[in-house]
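Chains as they are written, first to last, in my numbering: chain A, 0 to 391; chain B, 14 to 70; chain C, 725 to 1116.
Here it is, written out as structure tokens:
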């Protein structure tokens, strides 16, 4: 089997890459190791409205589980800060129904001409004269080689494509957030606000989220940094939290996952290979959000693939435009979020209370994440001294 | 013994319903478990929509 | 752990039973072996509008398509239109089962039922010869849940019945083994569901195209177990059907499943145990549809179970009311459909062509399945002589 581009993984990053490459006239095959797309969900499903609309001018109501107005941040001592809708940063807006959303994006890629192969797992790269020329796969238990000029690795947090191509995508324990989430039913769920709970006792090196999904439902999850975790800890902590916060709540489903919360990768390309999304650590280290960055990088990768193939140069040098464009678009935010995350990891609960407490007296309802951090800095110059370069 | 190819399996569970022994087959989360009780009758092999079950010769 | 009633399986039948019981004030627990509810889909997802509206309030978030009618194709490609809504016919919806099943489970939880995911029943508990709960396994840990009454809603692979001594084993001729693709194709008519008959296309069953909006459809095919001549037959035939009917279609996902197309079970209850849904072979042998029938049975089982518990008698005689109420009208109708199925699977492609052609001058648009069968009998008395005893 032969094509121009193989995309490994049919999440939002892969589907956008496949769509962009197919629209540019390339023959594209997208592989998905599961038989269904979008299952199991591994994510809290929150995205910013404005950014989503950038990619998808028409939003299908079936993707949207909840349309939220703002975010509430809780300090370890229970102090609550309320932020408004359009200022709370990228993670407040819509709560998606990923099972439907991911599938629709894949169907869009198919509509643009990409072929999709489900239940097909990439097992390695094909090489000819030392050059990458496709992927080896297992499809329904049988080996199948697919030749292509370019391989786009959109294979998520467990990415292999990068490693096969010699890009080290290994995450250090301190750079991965290990997550567990329940879908909870409870009358007390406020469908207008996403909630974030901070504290080393409830979520060491991370936070707990409550993202409403309509009809008294919410994704209630926890992410804790790998270096502070121990076996089964996320599940244990989130179970405790649900019992305390929603004593009458019913947990109906459970999902688990891991998010890269790492610094910006030095390289996300190799000869004939580009990485997008979680595979390229395009996840915001502070919020753990990765859907929109993955989609953004996917579009760029698809476009660059078409140019590189037309120019007859798919070497790392020929794919440089991909590195340049995604970095211009998101790397500053990724870097800053990583620094914030590294700093927050060092804070004690007392520090967190001191930081968040004074804000309760200020009017932050119209502030965005950056504005809030700037105000925190003003109110706590000593504590935030380390972060001074970032804030300006 | 029956050979269940878990790479082909799409975990539908249909084969369990035709198995004459109750205890020898089970659909776990996303894989089939075949235990010693299997009598090699092969009735399940034609029921599997994707051909993941084969009688080992 | 102790409850009044334990439900095994969180599909539509199990959720309706759990909800009914919880609303009647009983303590109920529902076990689901998967971590998510409604995944993987194993079904073509179509239901009758009226049947659904009688049972639940319809939520647009789980409706993938609102159908205007059906088309039926004979082996030679001739077709008729059935059940046009415009003409007063009864039509259906195509559901988004992943969302639908979860919503039903949530409603059960909302009514007060405990829902335990990733928890697999592995046997019945007995004390003094009486069933008193199940032994369950959750994330590797075995534990016991006590309940005087167990409802088995554990689907095609049901074990609860077998454990309790009810033989639910299906003969190969009484199971339809199915494969289905989710297909994107510009030629898909989003208003009609289509049925294709023929011994070469789908031996002993039929192929279907059920639209799911945005030029996407469930395209699937069933084969009667006894007619499955080789390994992996449904998947192979489905690939052929795709080539001949949707050559440009893009496959986005696949799923598979088995549907009981069996005679009514002699017993659906025993002391301390009731079976509902596919576990009780309550799917329609003629159409393979089992969502509405399973939900209906779930409600009846829930009501009867609540009475039985309040009387403190869960012996079979006390649960008998469930079987009686199921039998008339549902069970008897399905038994007639079984006889019809047994007859129709004996027909040649030529017979099928003749039958369909006999309808081409009839006003079929108002007809439902039953009207069509009546009309067929009138028009083809000789061919359908064998059906003269089957009362519609």
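For each residue, glycine too, the CB sits at the ideal point set by N, CA and C.
It should be emphasised that the depicted structure is a prediction, and the values quoted were computed from it without experimental measurement.
Sorted by chain position, which residues of the same chain lie with C-beta nearer than 7 Å to residue i's C-beta, five sequence neighbours on each side aside?
i: residue 1025 of chain C; result: 741, 875, 998, 1000 and 1046
i: residue 1067 of chain C; result: 1110 and 1111
i: residue 64 of chain B; result: 21
i: residue 247 of chain A; result: 185
i: residue 46 of chain A; result: 92, 93, 95, 290 and 291
Using DSSP bridges, identify the partner residues of residue i.
i: residue 72 of chain A; result: A:80 and A:195
i: residue 130 of chain A; result: A:127
i: residue 66 of chain A; result: A:93
i: residue 304 of chain A; result: BP columns for residue 304 of chain A are empty, so no partner.
i: residue 916 of chain C; result: C:793
i: residue 58 of chain A; result: In the DSSP output, where bridge partners are listed per residue, residue 58 of chain A has none listed.
i: residue 936 of chain C; result: None, per the DSSP bridge assignment.
i: residue 33 of chain B; result: BP columns for residue 33 of chain B are empty, so no partner.
i: residue 817 of chain C; result: C:771 and C:790
i: residue 259 of chain A; result: A:175
i: residue 46 of chain B; result: B:39
i: residue 868 of chain C; result: C:859
What's the gap between the Cα of residue i and the Cα of residue j?
i: residue 987 of chain C; j: residue 300 of chain A; result: 56 Å
i: residue 805 of chain C; j: residue 774 of chain C; result: 19 Å
i: residue 72 of chain A; j: residue 974 of chain C; result: 44 Å
i: residue 83 of chain A; j: residue 286 of chain A; result: 17 Å
i: residue 289 of chain A; j: residue 56 of chain A; result: 20 Å
i: residue 767 of chain C; j: residue 981 of chain C; result: 7 Å
i: residue 1097 of chain C; j: residue 1080 of chain C; result: 11 Å
i: residue 30 of chain B; j: residue 888 of chain C; result: 15 Å
i: residue 738 of chain C; j: residue 1027 of chain C; result: 13 Å
i: residue 370 of chain A; j: residue 339 of chain A; result: 14 Å
i: residue 1015 of chain C; j: residue 901 of chain C; result: 17 Å
i: residue 142 of chain A; j: residue 225 of chain A; result: 35 Å
i: residue 1070 of chain C; j: residue 1063 of chain C; result: 11 Å
i: residue 793 of chain C; j: residue 815 of chain C; result: 6 Å
i: residue 936 of chain C; j: residue 250 of chain A; result: 29 Å
i: residue 1076 of chain C; j: residue 922 of chain C; result: 7 Å
i: residue 54 of chain A; j: residue 304 of chain A; result: 19 Å
For residue i, which three-state DSSP category applies?
i: residue 237 of chain A; result: helix
i: residue 111 of chain A; result: coil
i: residue 831 of chain C; result: helix
i: residue 1052 of chain C; result: helix
i: residue 952 of chain C; result: coil
i: residue 208 of chain A; result: strand
i: residue 153 of chain A; result: coil
i: residue 67 of chain B; result: strand
i: residue 57 of chain B; result: helix
i: residue 121 of chain A; result: strand
i: residue 377 of chain A; result: helix
i: residue 968 of chain C; result: helix
i: residue 979 of chain C; result: strand
i: residue 740 of chain C; result: helix
Suppose the cutoff is 8 Å on Cβ atoms and the five residues either side in sequence are ignored; what does the same chain contact list for residue i look like?
i: residue 329 of chain A; result: 281, 292, 295 and 296
i: residue 37 of chain B; result: 47, 48, 49, 50, 51 and 52
i: residue 823 of chain C; result: 762, 785 and 786
For residue i, does the count of other Cβ atoms within 10 angstroms reach 16, so buried, or fall short, so exposed?
i: residue 62 of chain A; result: buried
i: residue 309 of chain A; result: exposed
i: residue 111 of chain A; result: buried
i: residue 1074 of chain C; result: exposed
i: residue 384 of chain A; result: exposed
i: residue 867 of chain C; result: exposed
i: residue 758 of chain C; result: buried
i: residue 161 of chain A; result: buried
i: residue 769 of chain C; result: buried
Residues in its own chain within less than 6 Å of residue i by CB, not counting five upstream and five downstream?
i: residue 995 of chain C; result: 1039 and 1040
i: residue 27 of chain A; result: 4, 17, 20, 21 and 113
i: residue 1007 of chain C; result: 983, 984 and 1014
i: residue 25 of chain B; result: none
i: residue 820 of chain C; result: 786 and 788
i: residue 99 of chain A; result: 61 and 62
i: residue 164 of chain A; result: 269 and 272
Between residue i and the ligand MN, is there a pair consisting of the residue's CB and a ligand heavy atom that are separated by less than 8 Å?
i: residue 342 of chain A; result: Because no ligand of any kind appears in the structure shown, any question about the ligand MN cannot be addressed here.
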